[in-house]
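So the protein lines, in turn, are chains A, B and C. Residues 56 to 678 in our numbering are what the first sequence spells out, letter by letter. Residues 9 to 182 in our numbering are what the second sequence spells out, letter by letter. Residues 51 to 383 in our numbering are what the third sequence spells out, letter by letter. We put the beta carbon where it would ideally sit given N, CA and C, even for glycine. A quick note: this is a predicted structure, and the numbers were derived from the prediction, not measured. Beneath this line is the structure, given in structure tokens, with notes to follow.
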Amino acid sequence: MKEGPRGARETAMFRAKLGKMFMRSALGQRLFAPIVLFALLLPAQLDAQRARPAAGAAPADDGQWTMPSKDFASTRYSALGQINRSNVRQLRPVFNFDTGNRRGHEAPPLVIGSTMYLVTPYPNSVIALDLAKPRPTVKWTFRPAQKRAAQGVACCDVVNRGAVYSGGRLFLNTLDGQAIAIDAASGRQIWRTQLGNINKGETITMAPLVAEGRVLVGNSGGEFGVRGWIAALDAGSGRVVWKAYSTGPDKDVLIGPGFRPFYPSDRGKDLGVATWPPEAWKIGGGTVWGWISYDPRTKTIFYGTGNPGPWNPAQRPGANKWTTGVFARDIRTGQARWFYQSSPHDLYDHDDINEQILLDMPVGGRMRGVLVRPGRNGYMYVIDRASGQVLSADAYGYINSARGVDLRTGQLIPVKEKEPKEGRVVRNICPAAPGAKDWNPSAFSPRTGLIYVPHINLCMDVGAIEANYIAGTPYVGADVKMYPGPGGNRGVFTAWDPVRRRATWELKEDLPLWSPALATGGDLVFYGTMDGWFKALDATTGKLLWRAKLDSGIIGQPISYRGPDGRQYVAVHSGVGGWAGAIVAGALDPRDPSGALGFVNAMRDLPGRTKAGGRLFVFALPR
Amino acid sequence: MSSRFRVSLILLAALASAGCEREQRDPRGKPLPEDQSNVAKGDPRDNAYENVSYQLAQGQRLYGWMNCTGCHAHGGGGMGPPLMDEEWRYGGRMEDVVATILNGRPNGMPAFKGRITEQQAWQLAAYVRSLSAQPRQDVLGSRPDKMSTTEPATISEREKVVDETPALPRDEKD
Amino acid sequence: MRRALPLLLPLAGCDTVQSMTGGDGRQGALFNDLFVIFAIVTLVMLALVLTGLIASIFRRHPAKSSVPGENDEARDAPFRPLLIGWVALIATGLLFLTTATYLTDRAMQARAPANRLLEIEITANQWWWDIRYKSSKPWQTIRTANEIHLPVGIPARITLKSNDVIHSFWVPNLAGKQDLIPGRRTDTVLEPKRIGVYRSQCAEFCGAQHAHMALDVTVESWADFNAWRVRQLTPAPAPATPLALAGYNYVTTRECASCHAIAGTPASAQVAPDLTHLASRRSIAAGTFPMTRGHLYAWIADPQGAKPGNNMPVVGLEPNELHSVIAYLETLK
Chain A
56 MKEGPRGARE TAMFRAKLGK MFMRSALGQR LFAPIVLFAL LLPAQLDAQR
106 ARPAAGAAPA DDGQWTMPSK DFASTRYSAL GQINRSNVRQ LRPVFNFDTG
156 NRRGHEAPPL VIGSTMYLVT PYPNSVIALD LAKPRPTVKW TFRPAQKRAA
206 QGVACCDVVN RGAVYSGGRL FLNTLDGQAI AIDAASGRQI WRTQLGNINK
256 GETITMAPLV AEGRVLVGNS GGEFGVRGWI AALDAGSGRV VWKAYSTGPD
306 KDVLIGPGFR PFYPSDRGKD LGVATWPPEA WKIGGGTVWG WISYDPRTKT
356 IFYGTGNPGP WNPAQRPGAN KWTTGVFARD IRTGQARWFY QSSPHDLYDH
406 DDINEQILLD MPVGGRMRGV LVRPGRNGYM YVIDRASGQV LSADAYGYIN
456 SARGVDLRTG QLIPVKEKEP KEGRVVRNIC PAAPGAKDWN PSAFSPRTGL
506 IYVPHINLCM DVGAIEANYI AGTPYVGADV KMYPGPGGNR GVFTAWDPVR
556 RRATWELKED LPLWSPALAT GGDLVFYGTM DGWFKALDAT TGKLLWRAKL
606 DSGIIGQPIS YRGPDGRQYV AVHSGVGGWA GAIVAGALDP RDPSGALGFV
656 NAMRDLPGRT KAGGRLFVFA LPR
Chain B
9 MSSRFRVSLI LLAALASAGC EREQRDPRGK PLPEDQSNVA KGDPRDNAYE
59 NVSYQLAQGQ RLYGWMNCTG CHAHGGGGMG PPLMDEEWRY GGRMEDVVAT
109 ILNGRPNGMP AFKGRITEQQ AWQLAAYVRS LSAQPRQDVL GSRPDKMSTT
159 EPATISEREK VVDETPALPR DEKD
Chain C
51 MRRALPLLLP LAGCDTVQSM TGGDGRQGAL FNDLFVIFAI VTLVMLALVL
101 TGLIASIFRR HPAKSSVPGE NDEARDAPFR PLLIGWVALI ATGLLFLTTA
151 TYLTDRAMQA RAPANRLLEI EITANQWWWD IRYKSSKPWQ TIRTANEIHL
201 PVGIPARITL KSNDVIHSFW VPNLAGKQDL IPGRRTDTVL EPKRIGVYRS
251 QCAEFCGAQH AHMALDVTVE SWADFNAWRV RQLTPAPAPA TPLALAGYNY
301 VTTRECASCH AIAGTPASAQ VAPDLTHLAS RRSIAAGTFP MTRGHLYAWI
351 ADPQGAKPGN NMPVVGLEPN ELHSVIAYLE TLK
């Protein structure tokens, strides 16, 4: 799980000493030539030992940023290397742009050609900036017509996780449940489709995935008893081609004869009904508000489903399929290929919507096509893309609510004493409800072969109460209070080696890390903290090389692109918010620890360290 | 019995029975009277709900049942604004809070008219105002019916959450 | 033993639905037997004591002793064996009662084989009972309110919880009392022996309507019980008449749906009794009214009149709304 007490440097020294002793021996003299040959070929072999993005899913970098995950394999890696470890200290802000919005900015700016597109939180304006001008100017602004009442059913700040550019169009979702396509050149709306119903508590915050002429959209609202679904719309017309629910009978979940789950517990008829009390699946959750990855070779999409509703597990006995699990589906028809449930009968709101990075890497000696995902429940899953088999699940954070994952059955092994009980308070549950890592995605660098995971270290007390279902109001049933986990640091930045299945290096942060990571070809890793520090680390050693303080906390995806002048730029939004930053974005009262579903207790110092904002910052090297 | 003894006994009985004033409860929620001409200021129902402990207690129950805790927590806020501070976006008098609850508000407060009765809305308003300690202290509820957020008195120190992972080569205090 | 029961006639009352001496359940029968043993032993002792007392009152005081040199101790000497015998009798009696108590307690606690157990969870609220029948298959769990059905001869383990204050679950005919304490789980086992209809009563003062917190218990054959269970699992039927449809629209979109649940409709709230099979129950509002049309009207129109202070508010229905709501509720069999 974690590396032993010996550091990398000491190991290298020890090996060098051994090498010297060997070369002086008689055996060493005879084996000299073969060894030299072997050593020359070693880099090639080591290269073969390293993980790579899945073939076909991560095309060569063109210097643009067309979707929040950078590519279908979700690497969030920019191959540009002009800014590197030796010159990053000179990185300077080049320009900044105030969006005028003061809620949490989670979306990355998109850069296509010489135009940059920004997406704001509610009311989800899209702003096009012309980068060709010496001082970037606004080309157009698109303001979707939205229902204001949608703000009242957004669980975790009125965020939006980004738009996607494809074929001259921008595709995005609005908070009140619309999917919209606009013309990228003019900002004109081409089509819009109403998918969500805010009267049931349904909103949409996720960034869509556009591939094969389909726009994939999923809903939010797991805290409102919303039945989750993912839909594919035709990119040209906006018509719904297929829609797969996350609970209910097989015909609604699009489970047909081609469904081949790896584990026996996922096989059966209508499990989306049979693993719930009667009627509970209709308000069961399983919303799809996170990240989708796509493998073009097999035409398969991979995505996770959210938590079951309500949080109080006593009201929904059963495994609660198909919530808190990963689906693999055919992008053309929506038919499910396989499913794996990370947290059956979820007890802690451990939505499984985190990113899945599609990699080809050696597992047990041979190359396999896998997806690697830092699970919300604290385990780093390596799952075979074709079969859905869990190849490994190693803890990357502190967990005392589960003993591990049984790889024979795929089941999470819960700790009975940490199960929430009605009318009582269960204390010291780790990881807390946002898990070891929430929505903010990690980045993968093919140069180092490491996954850079910005995540959190929180534990919680939970008092479960009977939840009452009233459509359009929260359906939770839990009083929660969160606080820092072991060590006292609320955030962690981990560089994880997926082949060796352990962390290579780790950085502790005082505040939780709610921002995504960016990896670049200059062997740098970028991320932001909730009090506004935008940092660049050495991707190999984790040494802090550069940082800049922005006017507000950072929860947005940093990007790197090639500007019209050919130089490399790094851009990120400031604008704290989201679930962790709700105390600032929503101006909450720190005296009530149960505010923001328990997060207020862990973030009482945040209002003193940063303020609300919404400004894009762009950095580059001096000319 | 001497006459002096009898007199003091009667006086004592009278004194004891004077403490028998009981709070008037109105389980049916009387509607507004037809004749409104004598109304000086504010809604006459203010007094029937504002400082009546029973109505506050019912409001406390309804606050949990109607999922107010889901958005407003126990006054701290979350999806909705905090209710325990002095800032009122749409007015903090009883009638204002009742109107907010029944009619909803533009930026996301749902409308509960037709989903709860007016009496229940008044009970909720009385409880909401108690979150910022507006009613008299003696009518406020004593049992909060929520997770105790202070350390239990029987735990002298927080149980150590022990992390067994060994130290990593890199640590940065920022 | 049963023949001795007429001794307890003054205690039985006239109501056999809620009768502690019914002995219709295994625990209740065992307890009644023990009660009879105690009654007999203590009555016999009482008779002896009273005899001794009366005898000592009417015994003639002896005149000054005619035997020269005799004192009190010598005069009492013939009574000593009687005294020793009396003490021995008391000791034996107490030992007998203790043993009987111990054996009865052991018999009542005897564990029934797990695979024959029915699992029920009862959560007490002010002032109604929320009942869930558990099952190893989640889709076969049943939720109902204020009424339980039990198959005769099969032990049922009942887990007891409370949402607010301390209540007490007591089916006098079947078993003893067990408290429901907020924040804790307690349990009891009921094993009915006779088919019949019984009534339970909350036995711990729990607020203004503690007196109107009854639970109807129906004990029936295994086949009838299964038929009842299958009926409970079916969702509510769609309304057939226009009046019932208007009632359905009201119930699922207005005040009712904020607290009540009816399976098969959008109403899924949890804080008030489940109404899916309301019309098949024996009583309304936890035993306050019998289930008749008129009483249903009275309850819905003015719940505070029947049970003042309970948590169902006066909705203030218009007459046509009331007619349509009752028409719909009557279809919920």
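I need the boundaries of the beta strand (DSSP E) containing A:W393, first residue and last residue.
Run containing A:W393: A391 to Q396, per the beta strand (DSSP E) assignment.
Under 9 Å between C-beta atoms, does A:R61 make it to chain C?
Confidence at A:R61 is low in this model, with a pLDDT of 46, below 50, so its placement is unreliable and no value can be given for it.
Would you decide whether A:H510 is buried or exposed? Buried here means 16 or more other CB atoms lie within 10 Å of its CB.
Flag for A:H510 reads buried.
Could you give the DSSP three-state label for C:N299: helix, strand or coil?
DSSP places C:N299 in helix when its eight states are reduced to three.
Note down, in chain order, every chain B residue with its Cβ under 9 Å from the Cβ of A:G650.
Within chain B, the residues near A:G650 are H80, A81, H82, G83, G84, G85, G86 and P90.
Anyone know if the C-beta pair for A:N523 and A:P541 falls short of 9 Å?
No, the pair does not count as a contact, with Cβ atoms beyond the cut-off.
Along the alpha helix (DSSP H) that carries B:Q63, what are the first and last residues, could you check?
That run of the alpha helix (DSSP H) goes S61 to W73.
Relative to the alpha-carbon of B:G236, which residue among A:K473, A:L671 and A:A651 has its alpha-carbon at the smallest distance?
There is simply no residue 236 of chain B to check, as chain B begins at 9 and stops at 182 in what is shown.
Using a Cβ-Cβ cut-off of less than 8 Å, list which residues of the segment 108–134 of chain B approach chain A; keep chain order.
Taking 8 Å as the Cβ-Cβ cut-off against chain A, the residues of the segment 108–134 of chain B that qualify are G112, P114, N115, G116, M117, P118 and R123.
My understanding is that A:S133 touches A:S615, with C-beta atoms under 8 Å, so please give their C-beta distance in whole angstroms.
Contact holds; Cβ gap of about 4 Å.
Give the straight-line distance between the Cα atoms of A:A675 and A:P501, rounded to the nearest whole angstrom.
The alpha-carbon atoms of A:A675 and A:P501 are separated by roughly 23 Å.
Applying a beta-carbon distance threshold of less than 9 Å, which residues of chain B neighbour A:G207?
Under the 9 Å cutoff, chain B gives C79, M87, G88, G112, R113, N115, G116, M117 and P118.
Along chain F, which residues have their Cβ under 7 Å away from the Cβ of B:D93?
This model lacks chain F altogether; the protein chains it does include are A, B and C.
For A:V174, would you say it is in contact with chain B, using Cβ-to-Cβ distances shorter than 9 Å as the test?
With 9 Å as the cut-off, A:V174 does not count as an interface residue toward chain B.
Along the segment 517–532 of chain A, where does the CB come closer than 8 Å to a CB of chain C? Name the residues.
Within the segment 517–532 of chain A, the qualifying residues are E521, A522, N523, Y524, I525 and A526.
What distance in whole Å lies between the Cβ atoms of A:W377 and A:G341, which are believed to be in contact at a cut-off of 8 Å?
A:G341 to A:W377, Cβ: 6 Å. Contact.
Taking the CB atoms as reference points, tell me whether A:S456 and A:G430 lie closer together than 9 Å.
Result no, Cβ atoms of A:S456 and A:G430 do not sit closer than 9 Å.
Looking at the secondary structure, which residues open and close the alpha helix (DSSP H) in which B:T77 lies?
C76 to H80 is the extent of the alpha helix (DSSP H) around B:T77.
Can you name the residues of chain B whose CB is closer than 7 Å to the CB of C:G366?
Residues of chain B passing the Cβ test: T125.
For the beta strand (DSSP E) that contains C:T236, what are its first and last residues?
Note, C:T236: beta strand (DSSP E), T236 to L240.
Along the alpha helix (DSSP H) that carries C:E123, what are the first and last residues, could you check?
That run of the alpha helix (DSSP H) goes D122 to D126.
Quick one: is B:P143 near chain C, going by C-beta distance under 9 Å?
Output row for B:P143: interface = no.
Going by the DSSP bridge assignment, what does C:C252 pair with across the sheet?
Answer is none; C:C252 lacks a bridge partner.
Helix, strand or coil, according to DSSP, for C:T66 in the structure here?
Coil at C:T66, not helix or strand.
Can A:G576 and A:P613 be called in contact, C-beta distance under 9 Å?
No, they are not a contact pair.
Just to confirm before moving on: does the CB-CB distance between A:D231 and A:G633 stay below 9 Å?
Cβ atoms of A:D231 and A:G633: not closer than 9 Å.
In whole angstroms, what separates the C-alpha of A:W569 from that of A:P619?
For A:W569 and A:P619, the distance between alpha carbons rounds to 31 Å.
Could you tell me the alpha carbon to alpha carbon distance between C:A253 and C:A174, rounded to whole angstroms?
For C:A253 and C:A174, the distance between alpha carbons rounds to 12 Å.
Going by CA-CA distance only, name the one from A:Q390, A:H400, A:D404 and A:K492 that's closest to A:Y436.
The option with the nearest alpha carbon to A:Y436 is A:K492.
List, in chain order, every chain A residue whose beta-carbon is nearer than 8 Å to that of C:K211.
Those within 8 Å of C:K211 in chain A are E477 and G478.
Using the Cβ count rule (16 or more neighbours within 10 Å means buried), how would you classify A:D590?
Correcting the residue type first, residue 590 of chain A is Lys in the shown sequence and not Asp. By the neighbour-count rule (16 or more Cβ atoms within 10 Å), A:K590 is buried.
Note down, in chain order, each residue of its chain lying with its Cβ closer than 7 Å to the Cβ of C:H199, except the 5 sequence neighbours on either side.
So the qualifying residues of the chain are T268, E270, F275 and W278.
Checking 9 Å against the spacing of the C-beta atoms, do A:G424 and A:D350 come in under that value?
In this structure, A:D350 lies closer than 9 Å to A:G424 by Cβ.
For B:R14, does the three-state DSSP call read helix, strand or coil?
It is helical.
CA-CA distance, A:G226 and A:K194?
The sequence given here has Phe at residue 226 of chain A, not Gly. Near 18 Å, if we compare the C-alpha coordinates of A:K194 and A:F226.
Below 8 Å on the Cβ atoms is my contact criterion, and I expect A:A572 with A:A498 to pass it. Report the Cβ-Cβ distance as a whole number of Å.
The Cβ separation is near 4 Å, so the contact holds.
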